[in-house]
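For reference, the structure discussed in these notes is given below.
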Amino acid sequence: MTRYYTLVRGDKIRYGCQRSGRCCSSGPNVALTAYDICRIAKYMGVDWRELRGKYIIAIIADLTVIPALRGMGDGKCAFLKWENGKPTCSIYPARPLRCRLYPFIPASPSNPDKIYVDPYCPGVGIGEEVEPPWKLLEHYYEEAKKHYKKMYELVFEQGYEPLQALEKLIDEVCREAEDSPDWVKPEYLDSLYNK
Ligand code: SF4
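Counting from 524, one number per residue, gives the positions in the sequence shown under our numbering.
If you want it as structure tokens, here you go:
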């Protein structure tokens, strides 16, 4: 099992992305929220339903359904492309928040002052000392909390099946995205990095 480093507010770590593509090649393990999905759909100029199956999947676990990036047969993300011999994210400006955060990994919304670091990322230990992106982490927790609060209401209070609830939630969030609120804008999310 991976033993993550743990950082708290005030801690720094040396990190510089090496564009190894390792973080995009380990299977369908990036959980998404409705906000991630709508950002991607808007960036690609498609209805979010066109992403289903091809780029995103739904993992059903009892009464919960978790949308996630699809991993191809070799475990690489469906959005990973190769350009000039380098791994490249084909939706980079609209990449999911967990991708933006990596190699930092959310610890728990009940402890927002703690964050994990994946020690197997080749960029960890290289480059300048940086602080974890706390503002971006806060934004991630805000979106995740809204996502799961609404899912809870739809499933447990309104009686929707989990998959139906997820589709309804994504529809609602994508309608909100049509007005281009800040959370849709890549430059806004960029501005949250080490603010
Ligand atoms: S969405 Fe982009 S950054 Fe995230 S795992 Fe896929 S290729 Fe990598």
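Glycine is no exception: its CB is placed at the ideal position from the N, C-alpha and C atoms. If you're wondering where the values come from, they're calculated on a predicted model, not measured in any experiment.
(request) Please state whether DSSP places Y643 in a helix, a strand or coil. (result) In the sequence shown, the residue the question calls residue 643 occupies position 120. Three-state result, Y643: coil.
(request) With the ligand SF4 as the reference, list in chain order each residue whose Cβ lies under 5 Å from any of its heavy atoms. (result) C547, C600, F602, L603, C612, R618 and C622
(request) Output the residue ranges of the beta strand (DSSP E) runs that lie fully inside the region 558–612 and measure 3 residues or longer, sorted by chain position. (result) 579–584, 587–592, 603–606 and 609–612
(request) Output the distance between the C-alpha atoms of D641 and Q681, rounded to the nearest integer angstrom. (result) Within the sequence shown, numbered from 1, the residue matching residue 641 stands at position 118. Within the sequence shown, numbered from 1, the residue matching residue 681 stands at position 158. If I take the Cα positions, the gap works out to 39 Å.
(request) Please list, in chain order, all residues of the same chain as V678 whose beta carbon is under 7 Å from its beta carbon, the five residues on each side excluded. (result) Translated into positions along the sequence shown, residue 678 becomes position 155. L586, P685 and A688.
(message) Taking a contact to mean a Cβ-Cβ separation below 8 Å, would you say P704 touches P616 in this structure?
(response) The residue given as residue 704 occupies position 181 in the sequence shown. The residue given as residue 616 occupies position 93 in the sequence shown. It is not a contact, given that the beta carbons lie outside the stated cut-off.
(message) For the alpha helix (DSSP H) containing I693, name the first residue and the last one.
(response) Numbered from its first residue, the sequence shown carries residue 693 at position 170. Its alpha helix (DSSP H) spans residues P685 to A700.
(request) Please specify which runs of the alpha helix (DSSP H), each continuous and at least 4 residues long, are wholly inside the region 618–679, giving them in chain order. (result) 620–624 and 657–675
(message) Among F627, R575 and K637, whose alpha-carbon lies nearest the alpha-carbon of F602?
(response) To locate residue 602, count along the sequence shown from 1; it is residue 79. Here the closest residue by C-alpha is R575.
(request) Report yes if the C-beta distance between P626 and C644 is below 8 Å; otherwise report no. (result) Translated into positions along the sequence shown, residue 626 becomes position 103. Translated into positions along the sequence shown, residue 644 becomes position 121. Yes, the pair counts as a contact, with Cβ atoms nearer than the cut-off.
(request) Please confirm if the region 590–601 is in contact with the region 545–556, defined as three or more CB-CB distances below 8 Å between the two stretches. (result) yes
(request) Pull up the DSSP beta-bridge partners for R545, would you. (result) Locating residue 545 in the sequence shown gives position 22, where the first residue counts as 1. Paired residues: none, contrary to the question.
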